[in-house]
Every structure is written in structure tokens, then in C-alpha cells.
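The working numbering puts the sequence shown at residues 4 to 384. Even glycine gets a Cβ: it sits at the ideal position worked out from N, Cα and C. On a predicted model such as this, the values are computed, not experimentally measured, just so you know.
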Amino acid sequence: MASLLRLQAFAPALNVPRNRCFLSPLGLASAATAPLARRLSTAASTSSPEPPSSEPNLESGLYLVATPIGNLEDITLRALRVLKCANVILSEDTRHSGKLLQHYNIKTPLLSFHKFNEREREPSILRRLHEGEAVALISDAGTPGISDPGMELARLCAAEKISVVPIPGPSAAITALSASGLPSNEFTFVGFLPKHARSRRDRLEISAREAATQIFYVPPHGIHQFLVDAASSFGDSRSCVIAREITKLHEEFWRGTLGEANEAFATRQPKGEITVLIEGQLISVDETPSEDFLEHELRELMAKGHTLSAAVKLVTEATSAKKKDVYALALRMRWTASFYQSQRWSPCNSILPEAIFHPQRCKRVRVTMNCQTMCKCKERT
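Here's what the structure looks like:
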């Protein structure tokens, strides 16, 4: 008893909202909880009785509650309290989420909310929020809004001055990154790639040029095609980590190159969603890219529809070249006849390098030129 009193004396005070909805976290444990935990739960409930049920629940607002990605013990105490006290829980799959709520004896009503009905549900949810209800949103696993429904609802709530409260917790991307061994000081979360083959390859081409670690979500039936496309864009020698069944019984972290991954998963049919992490492009600080290399990268990006500024930004981020040098090269490329032809543009009638040019606008090229080392155009406005 003396030990328990000392624990209570030094324990930090709980920041309970004004509605004073309070639950003993230990009281939410399953029936298989250890005897010591049951004794502590009994003592805590004796010294801190729950307030009358007539008091209101949580403050009104949308609560984005992260849930376990595999192991039910990974949920936070705060998440359990919010799920218990909310007026309703929006769930991607009510049957799947029902197992979690049943495990922790949470009786809050469930309402389906997924990509096929979220637009239909949003008006009624916003109405309930305006009426003062507390709405919790969960996904099947992980953090809502991260490659899961919730982003649009959060945006609507923010636009209507409705409180949006994040309840942090598990995330497959961050969990996989922490154990991958790949650089984590800078990373890009891509999530699921587009279904269209061309769009998918374009996204991989952009990722392949970045120096940051790239993180993808891949469905199990698409892992082989993903690895084929990734090896084509990143190269067979790029290091990668394939994480699956994270926090579950058959958790696996496969490490190797993309070429080795293609061979390893050519005949395998893994289960469960997969997180793939690919090493960023290695850039030597002392090695300055050649002008030919930079020009090739700029041409490739602009041929795919990127603007000149966007292409310069991507090349600068992926190499050790200075932005002003890349931008100057891009401007020089703009005025070469070969570049006009590759972009199907009509050059001026006369291309006179080194000719002095006064700032005017060209009808055909449609850009303002104010450089003395570009070209002289006969057609002026």
C-alpha cells in the first residue's frame, strides 16, 4: 500500500478535459490481464471513482485516432479513452474494427466510413459535429488520412472551424523506416502508386532521382510488378528493404538490392500489405555532375511535362549542382534549335548566338527575353 501511495504522489496529473470523461487505462485491459494489474486497477478505481455518467463526453471535434497495425497491444491509453468517450466511431471496416473494440470492451457505436461512401457520409458527420458531438475516425490499421480515408473530412472540418484532434500512434511507414537501417534523416513517403502503368512509371522515375529514402505501400498481389518497375527506374543495384506483417507473428524484413528482390519474390506470394523502402540516389559531395548529365536529366523531365522551373528544382535536389548553374543551363537549352525540335516548338526565324538583344516579347516563342547572349528575333511586338 505504501508503494502504491508513493506511485500516486509522483505520478503526473492527468490533463482531463472539462467534460471530465475519465477511464482507468488498466480497466480497459482484457480479461487475461496479470493479477498485479488487476489489483492496481482496483486500487485506482477505489481512490479515483469515475464521474457520474450524466456528465458530457469529449469536447466536440473530429478525433483522428491511430490504431494498431498488427499487435493489439500497440494502441495508446489516450486512444482507448477517446474511443470509449466519443459519440460515434467512423470505421473503414466495421467488422475489422469491431474486433479491436471488443478486445478492449468499448461499446461506442460504429459507423462505416470508407472511400466508397465518404462523400455521402460527410454532410451528416459535419452536422453532428456542429451539434456538439465528438466523432472519432479510425482506419483498419495505422493512422487515418495516411493512404487511408480521412484527409478530405479533416480538410472540411478545418474549413468550417471544427476542431481536428490527432491522436498519434502506429504507422507502418515510420515503423518500417525505423527498423530498415536506411537513412532516416530525410525520406519521402509516396504511399500507393497510381494504378495506371504510365503514371506509375513516371512517379518511380521522379523517386529514383531523389536523394531521400523512398517509402511505398504495395499490395501483396502487386509486389512482383512493383519490383520490376522499380528496378527499371532505380537500377538493379539500389538497396531496398521489404517489410511485411509488421508487428505480427510472421513479421519479416527482407534486405538486399532491387535485382536480388526481383529474384527472391518472383515466385513468392506474400500475404498482407507490404512496405517497401528504397535507398535514395547516392550523391558524392565532391563530385560535380557533368553538364551533359544535367542536360540529359532536364530534357527527360521536361519531356514528361514538367515545367522548366520544376525540372530545375528536381535536378538540383537530386544532384550536388548549384541551382543557379542548373537554371542557367536550362535557359541555354531553351534557345537551341535541337531543343525546339525535341519539344516541337517553332524557333525564331533567325538564331544568332551572341547577338545583342533588347528586352522585348517574341510572338512565336512567347517568353520575355532580356539577355544579351541569347538570340535576335525578327518578329517583335
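Query: Start-to-end residues for the alpha helix (DSSP H) that takes in F296; Result: 294 to 306
Query: Buried or exposed (CB count within 10 angstroms, at least 16 for buried), D295; Result: exposed
Query: In chain order, each beta strand (DSSP E) run of at least 3 residues that lies wholly inside the stretch 121 to 200; Result: 137 to 141, 167 to 170, 190 to 195
Query: Alpha helix (DSSP H) runs contained entirely in the stretch 55 to 104, provided each spans 4 or more residues; Result: 80 to 88
Query: Limits of the unbroken alpha helix (DSSP H) element including Q228; Result: 226 to 237
Query: Sufficient close CB pairs (3 or more, under 8 Å) joining the stretch 210 to 225 to the stretch 250 to 267; Result: no
Query: Under 8 Å between C-beta atoms of Q217 and I277; Result: no
Query: Limits of the beta strand (DSSP E) - the one that G386 falls within; Result: As shown, the chain starts at 4 and ends at 384. That puts residue 386 outside it, with no answer to give.
Query: Straight-line Cα distance separating A179 from E255; Result: 10 Å
Query: Alpha-carbon spacing of T270 relative to Q228, whole angstroms; Result: 12 Å
Query: Nearest residue (CA-CA) to T250, options G184, F237, I177; Result: I177
Query: Contacts around G259, its chain only, beta-carbon distance under 8 Å, and the 5 residues preceding and following it disregarded; Result: S242, C243, A267
Query: From P292, S142, A162, residue whose alpha carbon lies closest to that of K325; Result: P292
Query: Paired residues, beta bridge with L332 - DSSP; Result: Answer by DSSP bridge pairing: none, since L332 is not bridged.
Query: Any non-hydrogen atom of the ligand HEM closer than 7 Å to I277 Cβ; Result: Here there are no bound small molecules, and the ligand HEM is not part of this structure.
Query: Length of the line joining the Cα atoms of V221 and L207; Result: 13 Å
Query: Buried or exposed by the 16-neighbour rule on C-beta atoms within 10 Å, applied to E123; Result: exposed
Query: Spatial distance of C351 from E189 (CA atoms); Result: Residue placement at C351 is flagged as unreliable, the pLDDT there being 47, under the threshold of 50; the coordinate-derived value follows with that caveat. C-alpha separation (whole angstroms): 44 Å.
Query: Contact set for T49: own chain, Cβ-Cβ below 7 Å, skip 5 residues either direction; Result: Since pLDDT at T49 reaches only 41, below the 50 mark, its modelled position is unreliable, and no value is offered.
Query: Buried/exposed call for F119, threshold 16 Cβ in 10 Å; Result: exposed
Query: Spatially closest choice to V91 from L104, H99, L113, by CA coordinates; Result: L113
Query: Where S210 sits in the DSSP three-state scheme; Result: helix
Query: Buried or exposed (CB count within 10 angstroms, at least 16 for buried), S236; Result: buried
Query: Proximity of G153 and L140 at Cβ, strictly below 8 Å; Result: yes
Query: Contact check, L86 vs I165, beta carbons under 8 Å; Result: no
Query: Buried or exposed by the 16-neighbour rule on C-beta atoms within 10 Å, applied to F116; Result: buried
Query: Residues that DSSP places opposite F219 in a beta bridge; Result: G194, V279
Query: Residue interval of the alpha helix (DSSP H) (run including S323); Result: Note, S323: premise wrong, no alpha helix (DSSP H); not H, not E.
Query: Exposed unless 16 or more other CB atoms sit within 10 angstroms - verdict on G145; Result: buried
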